[in-house]
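Have a look at the structure below before the remarks.
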Ligand code: F6R
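The following block contains the structure:
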C-alpha cells in the first residue's frame, strides 16, 4: 500500500498523457459541472438497478472502476445500456470486461494496483475526470482554449505537488502514533472536499478496522455535533484557494465550524493550504497542502489521509495490503 501511495505522482503524470470509484465520481461531479456546465448525478452501482434510474439516449453514463470487473458496476453499466444510455468506462485495467462493454474507454494508466485499498487508482480517476471535464468544457464552448490550457497547466503541476505532500509521511506517522487508541473518527469536508472526507474515513475503516465516518462539514450541526467531544477526533479538510471567492467563503465557514469543534473539546487534525495561519492556530494538528485551484485540491488532499490510515494499520500490526473480509475485485 505504501509503495502504491508513493507511486501517485507518476500515476498522475501518466494520466496526463492519456485518462475508484464512486468518491472519484463525486469529485468528478464538481469538475464536470464547473468546467463543462453539465449536470451530473452520482450513484452507487449497487443501488442503481433498484431505483429505476431516469436515463435514456440523452444521458451518458460514466462507469468508474479500478479493476473493470466489479459485479455491481458491471450490472449498472448493462442496465444503462439497456435503457439506451451510452457508456464511458474509466478503468485502470486494460481490456477488462467493463472497458470492453463500454462505448468509449478512458484508461487511468496508474499501473497495477495490488493492495486491496485503492489509492493511486483513485487519484488517477480524479485526474482523468478532470481532463475529461476540461476537454468537454472546451468542445461545448464552455471554456475558451486559453482557459482550458491554463487548467491543463495546473494539472501538470500536480505530480510535483504530490511529491511535496508525500513529505508529510513522517507527520502522518506521528499522528497515527498519537491517535492509535482512538475508537472513532469523524472526517469532514465541504463541497468538492466532502468525497475526500468520505474516502479518508473509508481508508481508515478498511485497513485499520477503526470506525470512521465521512460527513459534509455543514451537516455536523444537524446531528453529529451531539457526538463531538474530547473522545471523537475530527479530521477536517479546511484548504482553500485565496484567489477564488467561493473557496474563501467556504473557508470562512470552515473556520467557524472548526471553532465550534474546539469549543466542544474535540481534537482536530486539519488539512490546510500552505501559507494559511488561521487553521494552524485553531487546530491541534495541521498538515499543509501546496496551493492549488480548488477543483484540483482533492487529488492532493487524499494523500495524507491514505498515509494516516496506512500508519494506524501498521502500528496495530494489521496486514495493511490484505484487510480482513475484503477482496480486490468484488465479483458477486
Ligand atoms: C476502497 C476500495 C473499494 C473499491 C470498490 C470498487 O479502497 O478499494 O471500495 O473502490 O470495490 O472497485 P473497482 O474500482 O475495482 O470497481
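Residue numbers (the working numbering): 27 to 358. Ideal Cβ positions, reconstructed from N, Cα and C, are used throughout, including at glycine.
Task: Three-state secondary structure assigned by DSSP to residue 339 - done: Reduced to three states, the DSSP call for residue 339 is helix.
Open item on the list: Assuming contact is defined by CB atoms lying nearer than 8 Å, are residue 245 and residue 227 in contact in what I supplied?
Closed with: The criterion of a C-beta distance shorter than 8 Å is not satisfied by residue 245 and residue 227.
TODO: Alpha carbon to alpha carbon, how far is residue 294 from residue 96? Give it in angstroms, no decimals.
DONE: Rounded to the nearest whole angstrom, the C-alpha separation of residue 96 and residue 294 is 36 Å.
- [ ] Identify every residue that forms a DSSP beta bridge with residue 210.
- [x] Paired residues: 237.
Task: CB of residue 267 within 8 Å of CB of residue 320, strictly - done: Yes; because the gap between Cβ atoms is below 8 Å, this pair is in contact.
Open item on the list: I need the DSSP call for residue 330, collapsed to helix, strand or coil.
Closed with: The three-state secondary structure of residue 330, taken from DSSP, is helix.
Task: C-beta atoms of residue 92 and residue 47 nearer than 8 Å - done: Their beta carbons are under 8 Å apart, which means residue 92 touches residue 47 by this criterion.
Task: Neighbourhood of residue 102 by C-beta distance below 6 Å, restricted to the same chain and skipping five residues each side - done: The residues are 71, 74.
Task: Identified DSSP bridge partners for residue 133 - done: Answer by DSSP bridge pairing, in chain order: 117.
Open item on the list: Quick check: does the Cβ of residue 232 come within less than 7 Å of any heavy atom belonging to the ligand F6R?
Closed with: Yes, the ligand F6R has a heavy atom inside 7 Å of this Cβ.
Open item on the list: If I measure Cβ to Cβ from residue 109 and keep anything under 6 Å in the same chain, skipping five residues before and after, which residues do I get?
Closed with: Taken in chain order, the residues that qualify are 81, 82.
- [ ] Return the bridge partner residues of residue 18 from the DSSP annotation.
- [x] This structure cannot speak to residue 18, because the chain is shown only from 27 to 358.
TODO: Would you check if the distance between the CB atom of residue 63 and the CB atom of residue 166 is smaller than 8 Å?
DONE: Less than 8 Å separates the beta-carbon of residue 63 from that of residue 166.
TODO: Indicate the three-state DSSP secondary structure (helix, strand or coil) for residue 215 in the structure shown.
DONE: In the three-state reduction of the DSSP assignment, residue 215 falls in the strand class.
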